[in-house]
């Protein structure tokens, strides 16, 4: 491999790693964290991350079951074809999201009470 | 055979190959914690097509592949995401190829194409869900994954073109 190629690849690797680090530092906060659930761009629920809770969100397109426990949020069950939202890791840091594209559902961790 | 119909045969072969690679790819999940990330096997065909047929015909290959896989294996809306990724990726790769002319590196073009593909899909998802947060969250991770996968795909495409150039397949293409 040529030197130039290696340089570009290294540069891209650094940019992506810096991007990840930047995302977590910019969003870091001491405020209480909230789980916000939206569908089609509209907020359908806001729940405190500190409180264990389990809820199923369903409409005509299908359902997603959200479980909040030990300060992390996770979608444990859904009837979407790809199951990507179910496979997504638990989220607990501000800015992190779980997305279910077929149901246009998004679960976010936000700072503050609302 | 007339060179125009010859080109049509090559074009249809590319579409068929890209279609099969899309299907095969769905059986190869990547062992990483980001769900939905894929190797990008059809991009091997896109790259070979870009080099041998140029971007206008490659646009046809990409659109045909996305529509056919969408209707055959995907669910409804998945076409829009694939199209967003496929078109942005093709645009970036076509521009890079045009910019560097004969001095191009297929591996680098492939990596940028992979990054653009992820960005295109994310932008569509951001628009559909009316949420910009997810773009900032997923993009750096997807970019990190796109580097090794894009490298692999670019390497395979480079070797493939090297082998195909030893055959007479492309001799009649531009005559």
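Chains as they are written, first to last, in my numbering: chain Y, 88 to 201; chain Z, 8 to 182.
Glycine included, each C-beta is placed from N, C-alpha and C at the ideal position.
Cross-strand partners of residue i (DSSP beta bridge)
i              : result
residue 153(Y) : 142(Y) and 162(Y)
residue 130(Y) : 125(Y)
residue 135(Y) : 121(Y)
residue 178(Y) : 160(Y)
Any C-beta of chain Y under 9 angstroms from that of residue i
i              : result
residue 85(Z)  : yes
residue 60(Z)  : no
residue 118(Z) : yes
residue 132(Z) : yes
residue 50(Z)  : no
residue 73(Z)  : no
residue 122(Z) : yes
residue 145(Z) : yes
Chain Z contact for residue i (CB, 9 angstroms cutoff)
i              : result
residue 144(Y) : no
residue 106(Y) : yes
residue 182(Y) : yes
residue 125(Y) : yes
residue 164(Y) : no
residue 122(Y) : no
residue 102(Y) : yes
Residue from the options with nearest C-alpha to residue i
i              : options                           : result
residue 91(Y)  : 111(Z), 156(Z), 15(Z) and 46(Z)   : 111(Z)
residue 119(Y) : 180(Y), 184(Y), 187(Y) and 149(Y) : 180(Y)
residue 182(Y) : 152(Y), 192(Y) and 196(Y)         : 196(Y)
residue 113(Y) : 176(Z), 140(Z), 175(Z) and 69(Z)  : 140(Z)
residue 92(Z)  : 17(Z), 151(Z) and 128(Z)          : 128(Z)
residue 189(Y) : 94(Y), 173(Y) and 104(Y)          : 173(Y)
residue 121(Z) : 27(Z), 50(Z) and 41(Z)            : 50(Z)
residue 97(Z)  : 75(Z), 175(Z), 47(Z) and 84(Z)    : 47(Z)
residue 109(Y) : 24(Z), 143(Z) and 81(Z)           : 143(Z)
residue 157(Y) : 143(Y), 139(Y) and 166(Y)         : 139(Y)
residue 21(Z)  : 169(Z), 68(Z) and 33(Z)           : 68(Z)
Rounded straight-line distance, which links the Cα of residue j to that of residue i
i              : j              : result
residue 61(Z)  : residue 99(Y)  : 27 angstroms
residue 155(Z) : residue 55(Z)  : 19 angstroms
residue 158(Z) : residue 153(Y) : 37 angstroms
residue 45(Z)  : residue 137(Y) : 34 angstroms
residue 170(Y) : residue 150(Y) : 12 angstroms
residue 53(Z)  : residue 115(Y) : 41 angstroms
residue 162(Z) : residue 121(Y) : 45 angstroms
residue 95(Y)  : residue 180(Z) : 33 angstroms
residue 192(Y) : residue 81(Z)  : 19 angstroms
N-terminal and C-terminal residue of the beta strand (DSSP E) that residue i is part of
i              : result
residue 193(Y) : 192-198
residue 185(Y) : 184-187
Continuous alpha helix (DSSP H) stretch holding residue i: start and end
i              : result
residue 128(Z) : 113-136
residue 71(Z)  : 62-79
residue 41(Z)  : Neither: residue 41(Z) is in no alpha helix (DSSP H) and is coded neither H nor E.
residue 99(Y)  : 90-114
residue 147(Z) : 140-172
residue 107(Z) : 85-107
residue 17(Z)  : 10-32
Near the ligand GTP: residue i beta-carbon under 8 angstroms from a heavy atom
i              : result
residue 137(Y) : As presented, the structure is devoid of all ligands, the ligand GTP included, so that no description of it is given.
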